[in-house]
């Protein structure tokens, strides 16, 4: 489980336990025979179910994968940058030749 996913899990389960304890206290379920431990366990169970079904999505559903930087992607980025650099160098060279040609024609005209 990733760190972000684990934090979400802890928040959801913790919140459901707190809601369960609050509901038990508010509606006097403690008087009806439920203990704090029972309420916490029920809240934790429903929190896990909620996390599994709602926060993580249904089983078998494709989840987006966060891109990570690897040697392959680094080589791709370097290759892309070098291709752009080569294209830029070719364009600069063409511009330089065209400018020299213009300067030569101007010199001949004078």
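In the working numbering, the protein residues as written are 1 to 110. No residue lacks a Cβ here, since even glycine has one placed at the ideal position from N, Cα and C. Please read all numbers here as calculations on a predicted model, not as lab measurements.
TODO: Would you give the residue range spanned by the alpha helix (DSSP H) that residue 40 belongs to?
DONE: 36 to 50 is the extent of the alpha helix (DSSP H) around residue 40.
TODO: Compute the beta-carbon to beta-carbon distance between residue 20 and residue 8, rounded to the nearest angstrom, for a pair I have assumed lies under 8 angstroms.
DONE: Here residue 20 is actually not in contact with residue 8; their C-beta atoms are around 18 angstroms apart, not less than 8 angstroms.
- [ ] Kindly list the residues whose CB is nearer than 6 angstroms to the CB of residue 46, restricted to its own chain and excluding five residues on each side of it in sequence; keep chain order.
- [x] The answer, listed in chain order, is 16.
Open item on the list: Mapping the DSSP letters down to three states, classify residue 22 as helix, strand or coil.
Closed with: Helix, per DSSP.
Open item on the list: For residue 10, count the other beta carbons within 10 Å of its own beta carbon; 16 or more makes it buried, fewer makes it exposed. Which is it?
Closed with: Exposed is the call here.
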